[in-house]
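Only one structure is covered here, and it is reproduced in the block below.
There are 2 protein chains.
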Amino acid sequence: MTEKYLSMWKDLKLDINAHDQLLKTLGNSYRDIYLAQNNRPGGIKYFDFVMNEVHGLRIKELMDEKEQGRKIIGSFCVFVPEEIVLAANATLVGLCTGADFDVEKVERYLPRNTCSLIKSAMGFKLGRVCPYLETADMIVGENTCDGKKKAYESLDAMVDNLYVMDLPQMKSEKGRDLLKSEYMRFQKSVEELTGVKITFDSLKEAIKTVNDKRSALHRLAELRQSDPAPISGLDALLANQISFYDNPARFTESLNRICDELEIRIKENQSLKSKKIPRILISGCPMAIPNWKLPWITETSGAVIVGEESCVGERGARNLTDDSGADRDELMDAITDRYFKVDCAIFTPNKDRLNHIMEMVKTYKADGVIHYGLQFCQPYLMESIPVEKALEAQDIPCLRIETDYGMEDAGQLKTRVEAFIEQLQ
Amino acid sequence: MTEKYLSMWKDLKLDINAHDQLLKTLGNSYRDIYLAQNNRPGGIKYFDFVMNEVHGLRIKELMDEKEQGRKIIGSFCVFVPEEIVLAANATLVGLCTGADFDVEKVERYLPRNTCSLIKSAMGFKLGRVCPYLETADMIVGENTCDGKKKAYESLDAMVDNLYVMDLPQMKSEKGRDLLKSEYMRFQKSVEELTGVKITFDSLKEAIKTVNDKRSALHRLAELRQSDPAPISGLDALLANQISFYDNPARFTESLNRICDELEIRIKENQSLKSKKIPRILISGCPMAIPNWKLPWITETSGAVIVGEESCVGERGARNLTDDSGADRDELMDAITDRYFKVDCAIFTPNKDRLNHIMEMVKTYKADGVIHYGLQFCQPYLMESIPVEKALEAQDIPCLRIETDYGMEDAGQLKTRVEAFIEQLQ
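Residue numbers (my numbering), protein chains in the order written: chain B, 1 to 425; chain R, 1 to 425.
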């Protein structure tokens, strides 16, 4: 692949050697973690292809879109509405994070005690190894956690197109007002960037496209309620991860094809595992590509993951946007209402998240919950304690994991996860 | 003191043994750090008295006020307007933090990686050793940093009178709207608590009381511009710390008396130190009683602290509230405007703080800046890096300290601070 896209990566001013190394590591991880799995659905080959081309063909497509005047908008958060971006004839992509990169350089800008996700995002920039970031005509930051909020102040000096979206901290009337007005401001900025006026029709169509994508993810989630689970948690996570990068319509079609296959599999009871194995719900911090450490450890320790209560998972994808509004403003209201339901730990109080975890345990017939907290991610680490208490009060076993993107603790984590799974059997 | 107030502390359900131990430690620290200083102004004896009676006579006064139907409101943050509390005929007090307490118990509710200030506040509650907290009829939390925001969710279950104030994250029009509406909501809640309607006259008078207090602190700050400095940084910090606990009018009078004395001292050039010593500006996290570690290390290493860019210092006290409004709503606007200027690191962007640090370096003729960051305090630790870069670009030496409330690192800190002061000479 390197030869084929070399001139494109050079045009994007990537650090070619570092980027080659990154792709090699990514490829090896994918081979060892994903391709090593048994009994994957046939349609998953599409995801294998996407992953193989994630810095290649997909970037080429984005470059071609740019060639034709389409703008690329990059984001780090599920609060950035893809509906608005698509309605202005632009493309939304997730930006790179999920792996440690250039940590020493990063720590000149961010404290050592910053979570891996934030350090990683800045490492990809400083190391010039994220073609999505370098392709983007606008990078959207958001005031979610303290770490990201303050990190964008440093990132601002490294890119020339950072847009910061303010977010509420409470689900109050004022909080909803702020979100709506921030979405109105974002809509205007996207219109200015693209030169495309967002109309009722274009917004309605964009809502449909995004709803279709989310519906496919919901369909996948529903199929995982079956016991035995028809697909691994690793592959389901991959679907959620790829949903941030791929062309939405193509993604939807591909995922629905996989779901068709899984439906048949369930009917024929050709399950992933033939014997009963513990079903795990993962809850907590988002896992971006290639952060597969915990699911990999979990699923190679005799359990199957049946749901992700995560931004890269059901927290991010669960609700559809009502498209019945009579005018553009009503559609903007519907978008606001949809995103205002996201139960991110930045909100206080955040009882909805706990209720959702409980609900997911029941719906997906989980035998236990592994709470995944990134070290130094205050909002999720702080919520993990009441979450654990509440689960245990209902006799639902819970294992609280605090880790980073490094592999140094993999052995220790495996021991803990194995012991936890053992107790569920 | 123990005998005298024993029944009061028992009534407040304090853990008497633990509280005795706390007072003993506090007394020893005060003796070793404060009373060991030379050449203190005579008027500082009032502060010695206040400190000696901080859990005794002052609590007795609050209990007497309660006896007469006055309500006590406790807070952890300079965003809670004392003007509104006083106008409703209530008393605002700072709540205990500044020392580690019951850490093991605290870590059942909060992650280990939580800053000392937040852990301390919860430790004082769990250990039942903060008479202010136990006296308070209402405890006001606020959505500042992630750590505090989420910690209040746990604290809520431990107290029956927690009120949470939402705060903006940006100095935008919407941000100012939120602050105003939160102050209006707070005013209403305080009125409900006290049964006292806040009037134009009572609010105007309360603004005057608080302005007088802040003016006295400004006067003290101005006197410290003199070279040599007429008072130690430790004693100036103490004035700021006590301003959160003492009766405001009495505090103002006492501090002004000290300032009268310092004015004479400056005129007569009876300075604290006769020879020229490096002048330090401390910038960063607030220092609550008895968190005197860094100033103590600094001032016993051959330097004098001439200013605190801190919530317990100039960031918290610097601006007065305009009292020229024609009606109650105009006064509420003036209060909003005054507090909206506080350049806390929770805001993004927060250029005002950097400008203020630069201005303070000039005004107080500081030779260097020590940035004080509490470990795991993301907002201030994250700002400390650009602050250091900006200072160094102006050839202002800066030392970034990251520490906690423990004394384990005191030796190492002293070595670093001494080396820093050495380079300023």
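All C-beta atoms, glycine included, are put in the ideal place defined by N, C-alpha and C.
Looking only at its own chain, which residues have a Cβ that is under 6 Å from the Cβ of residue i, when we skip the five neighbours before and after it?
i: B:Y30; result: M51
i: B:G123; result: F101, D102 and V106
i: B:G325; result: L331 and A334
i: B:Y152; result: G141 and V164
Considering only residues of the same chain and omitting the five flanking positions on each side of residue i, which have a CB-CB separation below 7 Å?
i: B:L262; result: P41, L223, P230 and I231
i: B:T194; result: K71, A88, N89 and A90
i: B:L26; result: P290
i: B:T209; result: L86, P248 and A249
i: R:E392; result: C398
i: R:V78; result: C311, G316 and V342
i: R:R281; result: Rather than Arg, the amino acid found at residue 281 of chain R in this sequence is Leu. Answer for R:L281: V306, G307, E309, M360, V361, Y364, A366 and V369, listed in chain order.
Do residue j and residue i come within 9 Å of each other at the CB atom, strictly closer than that value?
i: R:N143; j: R:V159; result: no
i: B:Y34; j: B:D246; result: no
i: B:Q378; j: R:Q378; result: yes
i: R:L320; j: R:N240; result: no
i: R:A390; j: R:G307; result: no
i: B:F200; j: B:V140; result: no
i: B:M382; j: R:K150; result: yes
i: B:V361; j: B:L399; result: no
i: R:S243; j: R:L217; result: yes
i: R:M287; j: R:Y380; result: no
i: R:F340; j: R:C115; result: no
i: B:P295; j: B:L374; result: no
i: R:N191; j: R:I198; result: Rather than Asn, the amino acid found at residue 191 of chain R in this sequence is Glu. It is a contact, given that the beta carbons lie within the stated cut-off.
i: B:L92; j: B:E82; result: yes
i: R:G74; j: R:L167; result: no
i: B:G43; j: B:R219; result: no
i: R:C344; j: R:R338; result: no
i: B:I84; j: B:L12; result: no
i: B:V129; j: B:P228; result: no
i: R:G233; j: R:S384; result: no
In terms of residue numbering, what span does the alpha helix (DSSP H) encompassing residue i cover?
i: R:M165; result: Counting along the chain, R:M165 falls outside any alpha helix (DSSP H), though it belongs to the beta strand (DSSP E) covering L162 to M165.
i: R:L234; result: G233 to I242
i: R:T135; result: P131 to T135
i: R:T252; result: P248 to E268
i: B:R176; result: E173 to T194
i: R:I84; result: E82 to A87
So that I know if they touch, is there some Cβ in chain B lying closer than 9 Å to that of residue i?
i: R:R108; result: yes
i: R:I385; result: yes
i: R:C77; result: no
i: R:G368; result: no
i: R:M122; result: no
i: R:Q169; result: yes
i: R:M382; result: yes
i: R:K119; result: no
i: R:Q378; result: yes
i: R:Q394; result: no
i: R:T114; result: yes
i: R:S324; result: no
i: R:L57; result: no
Could you tell me whether any Cβ in chain R is nearer than 9 Å to the Cβ of residue i?
i: B:V164; result: yes
i: B:N426; result: Residue 426 of chain B lies beyond the residue range present for chain B, which begins at 1 and ends at 425; the question has no answer from this structure.
i: B:Y372; result: no
i: B:I346; result: yes
i: B:S154; result: yes
i: B:D212; result: no
i: B:P290; result: no
Is residue i near the ligand SAH - that is, is its Cβ less than 8 Å away from at least one heavy atom of it?
i: B:W292; result: Summarising the ligand content, the structure contains no ligands, and the ligand SAH is consequently not present.
Spatial neighbours of residue i within its chain, please: C-beta separation below 8 Å, excluding the five flanking residues on both sides.
i: R:D409; result: T403
i: R:S154; result: Y109, L110 and M122
i: B:S301; result: K414, V417, E418 and I421
Quick check on the DSSP output: the beta strand (DSSP E) that includes residue i runs from which residue to which?
i: R:I139; result: M138 to E142
i: R:S283; result: R279 to G284
i: R:G94; result: T91 to G94
Using the beta-carbon of each residue, which ones in chain A are nearer than 7 Å to residue i?
i: B:E3; result: Looking for chain A here will not work: the only protein chains present are B and R.
Uninterrupted beta strand (DSSP E) stretches inside the region 397–423 of chain R (no shorter than 3 residues): 398–403
Length-filtered (4 minimum) alpha helix (DSSP H) runs lying within the region 333–386 of chain B: 351–363
Beta strand (DSSP E) segments (min. 3 residues) lying fully within the region 20–76 of chain R: 72–75
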